[in-house]
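What follows is a single structure, written as structure tokens, with notes after it.
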Ligand SMILES: NC(=O)c1ccc[n+]([C@@H]2O[C@H](COP(=O)([O-])OP(=O)(O)OC[C@H]3O[C@@H](n4cnc5c(N)ncnc54)[C@H](OP(=O)(O)O)[C@@H]3O)[C@@H](O)[C@H]2O)c1
């Protein structure tokens, strides 16, 4: 049996290009006791892959999670025909030996989706949703009447963060990079204020939309954008540092410097906390069950940008850095 995989041909220099990737074929072993053979149905491409790529050697497989169908199984824990979430990398067929303990970061049999598309398990009803749910509720502690700012607010994480903010009774201010995204956030997701960070003055926008200041900031982009939000924080403001996509393609040999206003942080007694979602792996199902139920109750609107074809994973990945996606970008393995 032959599996296809996509490797990083050579280390990325700045934003990845199609020439940096290569599709290779690899023979698979016959499965042994305790193992399964899976076929990918949905792949996730995510900004973190650019960060992780720095530690890859030329020719190594790209990392990534997928929803896959179990074609053969030699373990009773994972029945044939079931769907699993696996951290198998950019490959279509996989032979894998599940560990005795469930590790939600790497592998689990999909929970009951109650009729929702299985691809949601790579997005709002999976790791992405938990990032938004735990990052916001645990680190920003949003309360009714708080003002919440979200960056990359029409993306996979940001769109869920803003909607949870509305569920919690916050005034939500979303920043994103196109008018189409702004329309979706304002008209479908119910955000209170939306701005295109590429065309406005961030400081002026915040003074306009949050004249009393910002209580919670969920940061997906970092950089100078974050500097401006930090300057507009309220006393005891809470900031969740989730991601810094504005710097992922920067030259790693040079320090990535952004202005910092320490006086303001101290004077305002701001709490700034970075996180990785696996911090809440012991509460994984609590998060995705709540998220699934909110989707079913119509409290969370989900949009996916679907790219068809395993071979198109590189272009889907690259498009994240151009802002082409609305909501979660996913790749359907075959048409
Ligand atoms: N801490 C964790 O455990 C964790 C887990 C998952 C994700 N994350 C982080 O969360 C962030 C969002 O991830 P996601 O999966 O939801 O991706 P996403 O928001 O769906 O896609 C990335 C978006 O970022 C925006 N963007 C791209 N380059 C930018 C730049 N230079 N400056 C500002 N915005 C830029 C684009 O939207 P615009 O059109 O708005 O520019 C793009 O659509 C990322 O930083 C990611 O690394 C962290």
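Residue numbers (full-length UniProt numbering): 1 to 335.
We put the CB at the ideal spot given by N, CA and C, even for glycine.
- Boundaries of the beta strand (DSSP E) around residue 69: 66-73.
- Taking C-beta separations shorter than 8 Å and ignoring five residues to either side along the sequence, the partners of residue 114 in its chain run 292 and 296, following chain order.
- In terms of CA proximity to residue 281, 133 leads the group 264, 133, 152 and 154.
- Distance from the CA of residue 92 to the CA of residue 3, rounded to the nearest whole angstrom, comes to 6 Å.
- Look at residue 281 here: in three-state DSSP terms it is helix.
- The way I'd put it, the stretch 100-111 doesn't touch the stretch 20-28; fewer than three beta-carbon pairs between them come closer than 8 Å.
- Under the 10 Å beta carbon count, residue 179 is surrounded by fewer than 16 other beta carbons and is classified as exposed.
- A distance of 8 Å or more separates the beta carbons of residue 260 and residue 244.
- Exclusion of the five residues before and after residue 194 leaves 174, 182, 185 and 186 as the residues of its chain whose Cβ lies within less than 6 Å of its Cβ.
- When only Cα atoms are considered, residue 334 and residue 237 end up about 46 Å apart.
- For residue 233, the enclosing beta strand (DSSP E) begins and ends at 233-241.
- Rounded to whole angstroms, residue 307 and residue 27 show a C-alpha spacing of 26 Å.
- The criterion of a C-beta distance shorter than 8 Å is satisfied by residue 146 and residue 216.
- Each residue's CA atom was taken as its position, placing residue 270 and residue 81 some 50 Å apart.
- By alpha-carbon distance to residue 106, the top candidate from 59, 161, 89 and 324 is 89.
- Taking the C-beta atoms as reference points, residue 140 is found no nearer than 8 Å to residue 210.
- At a cut-off of 7 Å, the beta-carbon of residue 252 does not count as near ligand 1: no heavy atom of the ligand is closer than that.
- For residue 157, the uninterrupted alpha helix (DSSP H) segment begins and ends at 156-167.
- Residue 287 and residue 131 have their C-alpha atoms spaced approximately 9 Å apart.
- Rounded to whole angstroms, the Cβ separation of residue 104 and residue 284 is 4 Å, and the two are in contact under 8 Å.
- Per the C-alpha coordinates, the member of 84, 123, 98 and 230 positioned closest to residue 161 is 123.
- In this structure, DSSP gives residue 24 an extended state, which the three-state scheme calls strand.
- Classified as exposed, residue 253 has fewer than 16 neighbouring CB atoms from the shown chains inside 10 Å of its CB.
- Under DSSP, the beta-bridge partners assigned to residue 307 are 331.
- Within 7 Å of the C-beta of residue 177 there is at least one heavy atom belonging to ligand 1.
- In this structure, residue 320 sits away from residue 218, with a CB-CB distance that is not shorter than 8 Å.
- The alpha helix (DSSP H) runs lying completely inside the stretch 178-249 and spanning 4 residues or more are 179-183, 202-209 and 223-231, given in chain order.
- Taking 8 Å as the cut-off, the beta carbon of residue 327 is found closer than this to the beta carbon of residue 302.
- Between residue 41 and residue 65, the C-beta spacing is not below 8 Å.
- Counting only the Cα atoms, residue 15 lies some 34 Å from residue 171.
- In the displayed model, residue 265 falls within a helix according to three-state DSSP.
- According to the DSSP secondary-structure assignment, residue 4 is paired through a beta bridge with 25.
- Comparing alpha-carbon positions, the option among 250, 44 and 225 lying closest to residue 325 turns out to be 44.
- In terms of Cα proximity to residue 12, the closest of 32, 50 and 310 is 50.
- Per DSSP, residue 320 is one residue of the alpha helix (DSSP H) stretching across 313-320.
- Between the alpha carbons of residue 159 and residue 129 lies a distance of about 10 Å.
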